[in-house]
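Report on one structure; see the data block that follows.
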Amino acid sequence: MSTRTLKKTINALPATDGGGVKLLRSLGQSQSARLDPFLMLDEFSSANADDYSAGFPDHPHRGFETVTYMLEGHMLHRDHLGNRGDLKSGSVQWMTAGRGIIHSEMPQQESGRMRGFQLWVNLPAREKMKPAAYRDIQPEAIPLLALQDGSRVKVIAGSAQAEGRVVAGPVQGLSTEPLFLDVHLPANGHFDHPVAEDHNAFVYLYEGSAEVGPTTERLPLAPHAAGVLSEGNRVEVHAGKEGASFLMLAAKPLREPVVQYGPFVMNTRDEIEQALADYRDGQLV
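Every position in the sequence shown, counted from 1, becomes a number in my numbering once 1 is added.
This is the structure in structure tokens:
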């Protein structure tokens, strides 16, 4: 058994997106700040409606998947396929843009905290032009694994394994084989979890304090930072005295060229030019 160590830290930086929503961006803040197949991770969290009220009006995507995970608040998804999804506290939207989708995500509240994440996951070249798809996953469809020490693990994609139990999340069977866990550790809690040796993995700490790695090589992970992990087949996270909440993500790397222009992610510049032409000519979807 080989426990992964903390290889690189990507601190989240302030950014704006959509109609002017304020957020923190770790993965995706630059082309070098990616972890194949993960393209971007944004965290949004504010009780000031001015920071989120403009939302994300109609915009296109092609060539990858977007995952929106709401911790608090209410957003409404609409797209050109006629899908309508209420993103409420604890829910997940897993959207495959494929050859093209035009959608919006707009706040359905005028006050209170809006808090959550958006993750972009690349698609392999053979799937970039497949039909778009949308899945709305309500909180009750996301299993919670409660452990003896008081730790709690929400299983969104892949499977969680702990204390002799295996709990499968609602998202399965994708080509990148993603693992997406939301982990909450009590004070001084410890999380030890297997991960496929050939998958890339990172941990994103959004509350509390934590150290990552085996006992002899534990390193602190800064709050609101993505900790890129070394090779290995296990992940260990140790919470500080105030506990820790973090996302654990892993997936099979594609090892393909990535050419991105805004909301389009393809393999070549020519494919980007085609996406722009298709959008301009009303042929994207």
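Just so it is clear, CB atoms sit at the ideal spot from N, CA and C, and this is done for glycine as well.
Same chain only: Cβ atoms within 8 Å of residue i, ignoring 5 sequence neighbours per side
i           : result
residue 34  : 11, 27 and 28
residue 134 : 96, 97 and 99
residue 262 : 273, 276 and 277
In DSSP terms, what residue i is bridged to
i           : result
residue 256 : Its beta-bridge partners do not exist; DSSP assigns none.
residue 67  : 96 and 121
residue 4   : 235
residue 9   : 229
residue 158 : 172 and 181
residue 135 : 96
residue 243 : Bridge partners of residue 243: none, in fact.
residue 188 : DSSP lists no partner for residue 188.
residue 72  : For residue 72, which the question treats as bridged, DSSP gives no partner whatsoever.
Close-in-space but distant-in-sequence residues of the same chain around residue i (CB under 6 Å, 5 per side omitted)
i           : result
residue 224 : 206
residue 100 : 130
residue 70  : 93, 117 and 118
residue 229 : 8, 9, 36 and 203
residue 2   : 235
residue 233 : 3, 4 and 5
residue 91  : 140
residue 30  : 14
residue 112 : 50
residue 136 : 95
residue 46  : 116
Whether residue i touches residue j by CB criterion (8 Å)
i           : j           : result
residue 103 : residue 80  : yes
residue 266 : residue 65  : yes
residue 239 : residue 194 : no
residue 122 : residue 179 : yes
residue 252 : residue 200 : yes
residue 250 : residue 183 : no
residue 204 : residue 222 : yes
residue 254 : residue 268 : no
residue 1   : residue 18  : Beyond the ends of the chain as shown, which are 2 and 286, falls residue 1; an answer cannot be given.
residue 39  : residue 148 : no
residue 198 : residue 214 : no
residue 156 : residue 138 : no
residue 289 : residue 158 : With the chain covering only 2 through 286, there is no way to say anything about residue 289.
residue 146 : residue 168 : yes
residue 16  : residue 114 : no
residue 176 : residue 218 : no
As assigned by DSSP and simplified to three states, the class of residue i
i           : result
residue 53  : coil
residue 116 : strand
residue 274 : helix
residue 282 : coil
residue 198 : coil
residue 140 : helix
residue 26  : strand
residue 217 : helix
residue 128 : helix
residue 164 : coil
residue 110 : coil
residue 17  : strand
residue 261 : strand
residue 38  : coil
residue 209 : strand
residue 82  : coil
residue 77  : strand
residue 148 : coil
residue 58  : strand
residue 251 : strand
residue 47  : strand
residue 105 : strand
Beta-carbon contacts of residue i that lie in its chain and below 7 Å, excluding the five residues immediately before and after
i           : result
residue 124 : 64, 65 and 66
residue 231 : 5, 6 and 8
residue 1   : The chain is shown only over 2 to 286; residue 1 falls outside these bounds and no answer can be derived.
residue 164 : 148 and 149
Practice task
Evaluate contact between the stretch 237-256 and the stretch 209-227, counting only Cβ atoms and requiring at least three cross-stretch pairs below 8 Å.
Solution key: A contact exists between the stretch 237-256 and the stretch 209-227.
Problem - contact_flag[the stretch 104-113, the stretch 46-61] where n(CB pairs < 8 Å) is 3 or more - result: yes
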